[in-house]
Amino acid sequence: MMTSRIVATELIPCILVAFLAASIGSSDAVLPPPSQVHFAGPHGVTLTGILYTPTGFHDCRRAAYHSAVILMHGCTGIWSNRRVNATNADGTPNLQNHIEKWALKLASESIVALVVESFTPRAPPSLSQGDPEWQNHCSGARYAGTVDPYTTRVQDARAGWDYLVSLGSIDPKKIGLLGWSHGGEATMVEAAATPRHIDIERPASDHRFAVLLSFYPGCGSHLGFVDEIWSCGSSFWRPYREFQLNVGEQDAFHANCKKRTDIARRDFGSSIDFPAFPDAHHTFDAQQQAWPSDKCQFPTGDDCAMRAADIDGLAFLKRHLSDDESFW
Ligand SMILES: *[C@@H]1O[C@H](CO)[C@@H](O)[C@H](O)[C@H]1NC(C)=O
Numbered sequence: 046m047m048t049s050r051i052v053a054t055e056l057i058p059c060i061l062v063a064f065l066a067a068s069i070g071s072s073d074a075v076l077p078p079p080s081q082v083h084f085a086g087p088h089g090v091t092l093t094g095i096l097y098t099p100t101g102f103h104d105c106r107r108a109a110y111h112s113a114v115i116l117m118h119g120c121t122g123i124w125s126n127r128r129v130n131a132t133n134a135d136g137t138p139n140l141q142n143h144i145e146k147w148a149l150k151l152a153s154e155s156i157v158a159l160v161v162e163s164f165t166p167r168a169p170p171s172l173s174q175g176d177p178e179w180q181n182h183c184s185g186a187r188y189a190g191t192v193d194p195y196t197t198r199v200q201d202a203r204a205g206w207d208y209l210v211s212l213g214s215i216d217p218k219k220i221g222l223l224g225w226s227h228g229g230e231a232t233m234v235e236a237a238a239t240p241r242h243i244d245i246e247r248p249a250s251d252h253r254f255a256v257l258l259s260f261y262p263g264c265g266s267h268l269g270f271v272d273e274i275w276s277c278g279s280s281f282w283r284p285y286r287e288f289q290l291n292v293g294e295q296d297a298f299h300a301n302c303k304k305r306t307d308i309a310r311r312d313f314g315s316s317i318d319f320p321a322f323p324d325a326h327h328t329f330d331a332q333q334q335a336w337p338s339d340k341c342q343f344p345t346g347d348d349c350a351m352r353a354a355d356i357d358g359l360a361f362l363k364r365h366l367s368d369d370e371s372f373w
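Residue numbers (my numbering): 46 to 373.
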């Protein structure tokens, strides 16, 4: 029959693409290899990202709306050991443990993952793009503070959202945001119902993300959302949507994050998931790259915190990415 022959002819490239993609595999699920992508960021910068896609994503027979998550790195960037373009043995990008683990896991769960790279594209002309010192923006480092987590990186996350939506196969209402530390701070700002400097709610049309998770951000006065004095306990920060905050109790950032959460719950009735991670420290979830298979019975320490945060964080994301509630 004419029609089926046409369909069959059109299918050939799709099958080929799917076959080629499937031939480069990662651990358990066979995923298409991640690719380096480029998109417009704030202030004329061209941002880079690493895009992890589920099996079938590039297969036009199954063109469908996918959900997605944007991953925002911490103050040492995305690359393993701060080596720009580091690769694994199979040629795929070698990212820091926590980032690569989440990206691969999400893709294996049929969720597109976009790792946004905020540092390398902004390397000053005087430095080579691969200079490892430029990958370190942690406090005390030479380049600390040159890429602002509370402003610039929020725009980077939103640029990532625009890019994903431009692909045409991702549901704009099903995009989550996940950030660690420096990127967790950007996530706190994007999650907020108001701008940083004034307690007036942003329009609902500006609320882009379906669910937001922040791992150990700084929650002190630099975050903003105070109109009096933060140390006296004033804050108008509260999330516009489902929010999870994962901070170890031994992390110096814990006290301020708990205070922000308590105030948001008390003064604004916010629903915030703030699990307890006793004896866990900053970057507790970066210890290993394997996705944990189970949780500890008595969750104390970094390893148990990582297991709980990974497993429960993924469940939290998936629950709210599959919600049918329409928020626009
Ligand atoms: C990293 O890889 C990209 C894409 O292949 C390339 O454009 C860039 O120059 C590389 N950067 C470094 C520092 O090797």
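The beta carbon of each residue, even a glycine, is placed where N, CA and C say it ideally should be.
Assigned exposure category for residue i - 16 Cβ within 10 Å defines buried
| i | result |
| --- | --- |
| N291 | buried |
| S367 | exposed |
| Y110 | exposed |
| P99 | buried |
| S72 | Confidence at S72 is low in this model, with a pLDDT of 45, below 50, so the placement of that residue is unreliable and no value is reported for it. |
| T132 | exposed |
| A353 | buried |
| R253 | buried |
| H299 | buried |
| S316 | exposed |
| L172 | exposed |
| H88 | exposed |
| A158 | buried |
| V75 | exposed |
| F64 | In this predicted model, F64 has a pLDDT of only 42, less than 50, meaning its place in the structure is not dependable; the value taken from the coordinates is given anyway. Counting Cβ neighbours within 10 Å, F64 comes out exposed, since fewer than 16 surround it. |
| D312 | exposed |
| P170 | exposed |
Cβ-based neighbour list, residue i, same chain, cut-off 7 Å, excluding 5 preceding and 5 following
| i | result |
| --- | --- |
| K150 | W336 and L359 |
| F164 | G122, W179, Q180, H182 and V192 |
| G229 | S259, F260, Y261 and P262 |
| E55 | With a pLDDT of only 38 at E55, under 50, the local geometry of the prediction cannot be trusted, and the value read off the model is given with reservation. Closer than 7 Å at the Cβ level, and outside the excluded window around E55, lies no residue. |
| Q174 | V129, T165 and A168 |
| R127 | T121, P177, Q180 and N181 |
| P217 | V210 |
| D355 | D330, W336 and P337 |
| Q295 | D324, A325 and H326 |
Rounded straight-line distance, which links the Cα of residue j to that of residue i
| i | j | result |
| --- | --- | --- |
| L96 | V256 | 19 Å |
| F343 | C349 | 8 Å |
| P78 | H227 | 27 Å |
| H103 | R310 | 42 Å |
| N142 | D307 | 31 Å |
| E273 | S153 | 46 Å |
| A237 | W275 | 16 Å |
| V82 | I243 | 35 Å |
| S338 | V160 | 23 Å |
| S155 | S214 | 13 Å |
| S112 | H365 | 10 Å |
| K303 | G314 | 15 Å |
| C341 | M351 | 10 Å |
| I51 | G101 | With a pLDDT of 36 at I51, under the threshold of 50, the modelled position of this residue cannot be trusted; read the value that follows with caution. Their Cα atoms are separated by approximately 21 Å. |
| G221 | V114 | 4 Å |
| G70 | P248 | Residue confidence is low: G70 scores 40 on pLDDT, short of 50, so the model does not pin down where it sits. Its coordinate-derived value is still stated next. Whole-angstrom Cα-Cα distance: 43 Å. |
| G86 | H118 | 16 Å |
| M233 | T345 | 25 Å |
| A202 | W225 | 13 Å |
| A321 | I245 | 31 Å |
| R283 | A231 | 14 Å |
| V199 | L116 | 12 Å |
Residues bridged to residue i [DSSP beta-bridge criterion]
| i | result |
| --- | --- |
| P138 | T132 |
| I95 | Q81 and V160 |
| W225 | F260 |
| I245 | The partner list for I245 (beta bridge, DSSP) is empty, contrary to what the question assumes. |
| W124 | L140 |
| N291 | F260 |
Other residues of its chain near residue i: CB distance less than 8 Å, five sequence neighbours each side excluded
| i | result |
| --- | --- |
| Y188 | E178, W179, N181 and H182 |
| G94 | Q81, V82, H83, F84, L159, V160, V161, E162, G205 and Y208 |
Sequence-distant residues of the same chain with beta carbon closer than 6 Å to residue i, five excluded per side
| i | result |
| --- | --- |
| I60 | Because the pLDDT of I60 is 40, which lies under 50, any placement of that residue in the model is unreliable, and the number read from its coordinates should be weighed accordingly. So the list is empty, once near-sequence residues are dropped. |
| V301 | According to the sequence provided, residue 301 is Asn. The question's Val does not apply to it. Cβ neighbours of N301 beyond the five flanking positions: C264 and G265. |
| S280 | F270, V271, R305 and I308 |
| K219 | S112, A255 and L366 |
| N139 | S125, A131, T132 and N133 |
| F288 | A236, L257 and I317 |
Check: residue i C-beta below 7 Å from any heavy atom of ligand 3
| i | result |
| --- | --- |
| A186 | Judged by which ligands are present, ligand 3 is missing from the structure shown, whose ligands are ligand 1. |
Under a criterion of Cβ closer than 6 Å to any non-hydrogen atom of ligand 1, which residues qualify, in chain order? Counting every residue whose Cβ lies closer than 6 Å to a heavy atom of ligand 1, we get Q81, V129, N130, Q174 and G175.
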